Amino acid sequence: MPNSVAVVVVHSLIFSAFLLFYRGILLFFRSPRTTRFLSIMCVVALFLLTYFSAVEERVATRIVIVSFVLLVSRGLIAVELFRQARQRSILNVFAALMAAYALFGAVRAIVTFLHGPPYDFMQTSRFQTPSLVVNLLFICIIGLFFLLMLSSELVAIVEAQSMYDHVSGALNRRGIDQRLALELVRAERNGYELAVALIDIDHFKPINDTAGHAAGDAALKQVVEVISSRLRSYDFFGRYGGDEFLLVFSQTSCEDALRIAEPIGHAVSGLAVSRFALPITLSIGLTFARPCETAVSTLARGDMALYKM
1 MPNSVAVVVV HSLIFSAFLL FYRGILLFFR SPRTTRFLSI MCVVALFLLT
51 YFSAVEERVA TRIVIVSFVL LVSRGLIAVE LFRQARQRSI LNVFAALMAA
101 YALFGAVRAI VTFLHGPPYD FMQTSRFQTP SLVVNLLFIC IIGLFFLLML
151 SSELVAIVEA QSMYDHVSGA LNRRGIDQRL ALELVRAERN GYELAVALID
201 IDHFKPINDT AGHAAGDAAL KQVVEVISSR LRSYDFFGRY GGDEFLLVFS
251 QTSCEDALRI AEPIGHAVSG LAVSRFALPI TLSIGLTFAR PCETAVSTLA
301 RGDMALYKM
């Protein structure tokens, strides 16, 4: 294979690898950014590499061109990782690693520009050998961090899904219990009010018995949709079990919670399920969290309020 062809083929594969890596990062984070700029740069670089290998043999210029493209591609990956990192330490470390890898490419370009290219890439030299070793180390470490990033994201997805009820779409008991415990701590620490409402779907069993379980599931979904549409962004709503739901009104007094709960009850009443047109109504037990009170005590009073209705 002619040297010029080998140069173009090898570097087109290298550029494609980083281009696909960057594209994968964007897709992974659902980023609206595109790879258009980097793609154009890679195409222009390949044309220049073809010229400086087939028409005018200039190894140093080729190294500078390749190093610049790799600097930009690694830098773009690092910037995207920093954007998405927020408080995730593994992404911050990954981004810092990619930034260091980008700077390493810049150093290589500067050294080549000042001292010229090596006479033989396979011979040991004071810069060529460390350069190859560092490249191999970076490739291995980046692959490891990419796997860690994927695994941590999968764990986060599974953990988030484990907090939701698959039938109604609301938080499940584990999820709403955690939110209630957290809100109780925050209310105690910051001194604000916290209201809690236990909700029971009246006559839910007859809906299941007469219209079937599919109609019962549909009833649950309808109730959840109606309630969720009338909550504030900082309220929490979850299925507590069977036909019982729990509402946590953050930074809300009992009076304000009642003003929210009453329209919810009116909105839900009158919903029909299946062809039987069975009415759906709610029983709501409203209470408030007392200082230094546990979730169990708060819910017990909510349960008592529910059955007094």
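Note that the sequence shown covers residues 1 to 309 in the UniProt record's numbering. Every residue, glycine too, gets a C-beta built ideally from N, C-alpha and C. Keep in mind it's a predicted model, so treat the numbers as computed, not measured.
Using a Cβ-Cβ distance cut-off of 8 Å, the stretch 45-62 and the stretch 102-110 are not in contact, since fewer than three pairs of beta carbons, one from each stretch, lie closer than that value.
Annotation: the UniProt domain "GGDEF" (192-309) contains the following complete segments of the beta strand (DSSP E) (minimum length 3 residues), in chain order: 194-201, 236-241, 244-250, 271-273, 278-280 and 282-288. Restricted to the stretch 120-173, the alpha helix (DSSP H) segments that are unbroken, complete and at least 4 residues in length are 128-161, listed in chain order. About 11 Å separates the CB atoms of glycine 285 and alanine 195; that is not less than 8 Å, and the two are not in contact. Burial state of phenylalanine 37 is exposed, judged by a 10 Å Cβ sphere holding fewer than 16 other Cβ atoms. The Cβ-Cβ distance between aspartate 243 and lysine 205 falls below 9 Å. Residue environment: arginine 179 is assigned as buried (16 or more neighbouring CB atoms within 10 Å of its CB, all protein chains considered). Comparing alpha carbon positions, the residue from Val134, Tyr192 and Phe245 closest to isoleucine 201 is Phe245.
Rounded to the nearest angstrom, the Cβ distance from proline 291 to glutamate 188 is 6 Å, consistent with a contact under 8 Å. Annotation: the stretch 27-60 contains no complete segment of the beta strand (DSSP E) (minimum length 3 residues). With fewer than 16 neighbouring CB atoms inside 10 Å of its own CB, histidine 115 falls in the exposed class. The Cβ-Cβ distance between phenylalanine 145 and isoleucine 90 falls below 9 Å.
By the criterion of a C-beta distance shorter than 8 Å, tyrosine 22 is surrounded in its chain by Thr35, Leu38, Ser73, Leu76, Ile77 and Glu80, once the five residues flanking it on both sides are discounted.
The alpha-carbon of valine 167 is positioned some 10 Å away from that of glycine 216. Annotated three-state conformation of arginine 86 is coil, per DSSP.
When the Cα atoms are used, leucine 27 and valine 69 turn out to be separated by approximately 21 Å. In this model, alanine 54 and serine 12 are separated by some 15 Å (Cα to Cα). Residue burial is scored here from C-beta neighbours: glutamate 183 has at least 16 other C-beta atoms within 10 angstroms and is therefore classed as buried.
Around the beta carbon of arginine 239, 16 or more other beta carbons sit within 10 angstroms, so the residue counts as buried. The beta carbon of methionine 149 sits closer than 7 Å to the beta carbons of Ile90, Leu91 and Phe94 from its chain, once the five residues preceding and following it are set aside; these are given in chain order.
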